[in-house]
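Peer 1:
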Amino acid sequence: MSTTTTASQLPPAAAADIVETVQDIQSSTKETNPHSEGIWVFGYGSLIWKPPIHYEQKQIGYIKNYVRRFWQHSEDHRGTPEKPGRVVTLIPYDEWKTIESVEGHDKVTWGVAFKIPSDDVEATRAYLDHREKNGYTVHTVDVFSLEDDQTPAVRNALVYIGTTDNEAYVGPAPADKIAQQIHDSYGPSGWNAEYLLNLAEALREISPGVKDDHKDWLRRL
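Using numbering that gives the first Met the number 0, the first residue of the sequence shown is number 0, and each one after it goes up by one.
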């Protein structure tokens, strides 16, 4: 007849060795697979209403020290190389305040963070890298909730940003010029104006009462 020995029946030294071995294995697993617990991705544009297919949790919130602007050309989704549309990117606040008036702006950008399970990280990253290939690069941000503006609800979320030195960055222009370009542009993903209206509706749902002058001005034009 066989017997089973539990950890509580082992000598203290042997039990400690087992615990240490398990911890070493767990640590090694995290080192060889840094995404063993999944990743978070923060969306501030089309990802809000068209998120990655595989996500298991989402967190509505905001990031600090960035502003959202329609300063990125879109040649592959909402426009073409011959007639590019305009989509949003994030501009660091300290950089943005040298370009536009900061009056009335609260230095935050609202969006949604999506948690991608570990088994789907590789496929999701490949999907997003392709989707955001027109000038965007990956960065990390902390996401805060409405309930707590000091402790991040999500730490080190990935975010795709078209920085001001990327080839598709077009920068500021008079609001009526941006609105006209958005109105006239069409690409593989549809009308550029639809993108603007979808963004306006999505932001109204996740952050009611939060003011976004840039988006609101364009929508009214």
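Built from N, CA and C at the ideal position, the CB exists for glycine as well.
(1) Would you call residue 155 buried or exposed, if buried means 16 or more other Cβ atoms sit within 10 Å of its Cβ?
(2) Between the Cα of residue 135 and the Cα atoms of 145, 152 and 167, which residue gives the shortest distance?
(3) For the candidate residues 114, 170 and 179, whose alpha-carbon lies nearest to that of residue 37?
(4) Could I get the ranges of all uninterrupted alpha helix (DSSP H) runs contained in the region 153–191, with 4 residues as the minimum, in chain order?
(5) Alpha carbon to alpha carbon, how far is residue 186 from residue 143? Give it in angstroms, no decimals.
(6) Whole angstroms are fine: how far does the CA of residue 78 sit from the CA of residue 176?
(7) Where residue 28 and residue 96 are concerned, what is the direct C-alpha to C-alpha distance, given to the nearest angstrom?
(8) Apart from the five residues just before and just after residue 31, which ones in its own chain have a Cβ nearer than 7 Å to its Cβ?
(9) Grab me the residues of residue 75's own chain with a C-beta within less than 6 Å of its C-beta, minus the 5 sequence neighbours each way, in chain order.
(10) Any idea what DSSP makes of residue 123, helix, strand or coil?
(11) In three-state terms, what does DSSP make of residue 129?
(12) Name the residue from 124, 117 and 189 whose alpha carbon lies nearest to the alpha carbon of residue 257.
(13) Count the other C-beta atoms from every protein chain shown that fall within 10 angstroms of the C-beta of residue 173, then say buried if there are 16 or more, exposed otherwise.
(14) Using alpha carbons as the reference points, say which of 92, 189 and 56 lies closest to residue 162.
Peer 2: From the atom records:
(1) exposed
(2) 167
(3) Comparing alpha carbon positions, the residue from 114, 170 and 179 closest to residue 37 is 114.
(4) The alpha helix (DSSP H) runs of length 4 or more contained entirely in the region 153–191 are, from start to end of the chain, 174–183.
(5) 34 Å
(6) 16 Å
(7) Residue placement at residue 28 is poorly supported in this model, since its pLDDT is 47, which falls under 50; the coordinates are not used for a value here.
(8) Interpretation of residue 31 is limited by its pLDDT of 49, a score under 50 that renders its predicted location unreliable; no figure is taken from the coordinates.
(9) 133
(10) helix
(11) helix
(12) Since the first residue of the chain shown is 0 and the last is 220, residue 257 is not available in this structure.
(13) exposed
(14) Among 92, 189 and 56, the Cα nearest to that of residue 162 is on 92.
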